[in-house]
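Structure, as structure tokens:
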Amino acid sequence: MRIGVLGAGIVGVTTAYELARSGHEVTVFERRDSVAAETSYANAGVVAPGYVTPWAAPGMPWKVMSQLLNKRAPVRLAGVSALREWRWMWRWWRACNTATHVANRSAMQRMAHFSQRRLQLLTLELGLNYEQSQGYMVLLRDQKAVDQAQTGLALLRELDVHHELLDAARCRVLEPGLSPETPLTAAISLPQDGVGNCRQFAHLLRQQAQALGVRYEFGASVTSLKAAARPHLTLANGSNHEFDAVVVCAGVQANRVLQGIGLRLPLAPVYGYSVTAPLRGDRGHDDLGPRSAVMDERYKVAISRLGSRVRVAGSAELGGQPGTMSAAPLQTLYRVLNDWFPGATRNSQAQVWKGARPMLPDGPPVVGESGAPGVWLNLGHGSSGWALACGCALALAERISGRQAPLDMARLGRERLQA
Ligand SMILES: Cc1cc2nc3c(=O)[nH]c(=O)nc-3n(C[C@H](O)[C@H](O)[C@H](O)COP(=O)(O)OP(=O)(O)OC[C@H]3O[C@@H](n4cnc5c(N)ncnc54)[C@H](O)[C@@H]3O)c2cc1C
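Residue numbers 634 to 1052, in this note's numbering, belong to the letters of the sequence shown in order.
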């Protein structure tokens, strides 16, 4: 089939690759001038399937409300502009019940494990190097955090995810750079999970896809999507393109094109920040940075090693604008970095980034039919797009090719959002 893919973030790039591998003739349209130029640009890079979970969870509304006035809270409302998202917030609130949470969590974790295996296979098979390292630790500063982590630990046991609760001394053996001055009671270690540079992977997979014949059109903004007998795209330059199938992977902007087929999904941008700074010196593991990735559970801030750089990422801001940087979340990132790895990085050379997680209110992405003939959806991956991308792409490519999906995808349909 001739297939058009709309968007070249990590989701579009992996989708195009898997479709080409299934023998289709694929063209990707991306309005920016390279792959992974928007939300997939500088995320934390963590791939930890046991921690892929919906943000709509029992008790979350109260947790968020009780921290509204705390500038350092992991979740923030960006002033009155957050009210624009009141419909989304209402749907999120309604999804914060146990039954919905458990069903969505299982669907997301099933896909995340499948995705991790696909990523590992592609990495080996294609010999890809994207600054990946193995090992992930969730740092628990005090006994209260250890007590609160018990539910999460029970879940990891239930899912049979290989993990260990380590005392502070053993954490410091795995991550010798951790500052002895910051109190640490324990950490959950996930030795099979890890971190990798999502943007670099996207560039490498683009090359592999091009070798399979995929065409990339950059600077190509899709202004209209129509589906009559066959799907049809119009670009800003006026050119028209007809395909046998189109896959919409447009992240946070998806609704602008989906209106052409009469579809509107409850998609909201949830902004986050990252700071990436070079390590001091270039002495491999002698430096003071992390060896792989850690997450500070109190502030929900991840610190990852990416080659000779360190990336610290976090914060979830509803409302706000793409271009404006808020001081408070950035201060939190620098402070958490300094708490755990003081002096490890050259912060004067840091790159600061803000990205918008394409978030659906109940958690899972939408991967499947759009309801319009020939138009498929792969979007709304929220805070876990890198961890989910390879699996969603393969499963969707199988379905588009007329084969059965390799795992149960019932919970990933758009129908669940139309109630
Ligand atoms: C601070 C932060 C930290 C994160 N950390 C992690 C993490 O550790 N692990 C993890 O798994 N996930 C993480 N994420 C989430 C992850 O980055 C996203 O889920 C993922 O990047 C979404 O990918 P995407 O391809 O759907 O969207 P995008 O990367 O935004 O790609 C969509 C593309 O579509 C293009 N596009 C849109 N409309 C059009 C149009 N009309 N015409 C042409 N092109 C169009 C856009 O230009 C864009 O390039 C993080 C996110 C943030 C913000």
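Cβ atoms here follow ideal geometry from the backbone N, Cα and C, with glycine treated the same way.
Residue pairing from DSSP places leucine 639 in a beta bridge opposite Phe662, Val881.
For the region 919-953, the full-length beta strand (DSSP E) segments reaching 3 residues or more read 926-929, 934-939, 942-952 along the chain. When DSSP states are grouped into helix, strand and coil, aspartate 972 belongs to the helix group. Counting every other CB atom within 10 Å of its CB across the protein chains shown gives serine 907 a total of 16 or more, marking it as buried. Of the other Cβ atoms in all chains shown, 16 or more fall within 10 Å of the Cβ of threonine 672; this residue is therefore buried. Per DSSP, the unbroken alpha helix (DSSP H) holding arginine 839 starts and ends at 831-844. When only Cα atoms are considered, proline 1039 and leucine 1021 end up about 14 Å apart.
Distances taken from the Cβ of glutamate 814 to the heavy atoms of ligand 1 include none shorter than 7 Å. In the structure shown, the three-state DSSP call for glycine 678 is coil. Boundaries of the beta strand (DSSP E) around phenylalanine 851: 848-851. For glycine 645, the shortest separation between its Cβ and any heavy atom of ligand 1 lies below 7 Å.
Shortest gap from the CB of leucine 639 to any heavy atom of ligand 1: under 7 Å.
Between the alpha carbons of alanine 1043 and leucine 900 lies a distance of about 19 Å. Ranked by how close their Cα comes to the Cα of glutamate 663, the residues Val943, Ser948, Gly884 have Gly884 in first place.
It is roughly 21 Å from the alpha-carbon of asparagine 737 to the alpha-carbon of valine 708. Considered as a whole, the region 747-832 harbours 766-773, 797-800, 819-828 as its complete beta strand (DSSP E) runs of no fewer than 3 residues, in chain order. In the three-state reduction of the DSSP assignment, serine 667 falls in the coil class.
For the options Leu993, Gly1018, Leu912, Ala669, the alpha carbon positioned closest to that of glutamine 1051 is the one of Leu993.
Not one heavy atom of ligand 1 sits closer than 7 Å to the Cβ of tyrosine 769. Taking arginine 979 as the centre and dropping the five residues before and after it, the same chain places the C-beta of Ala910, Pro911, Arg913 closer than 7 Å to its C-beta, in chain order.
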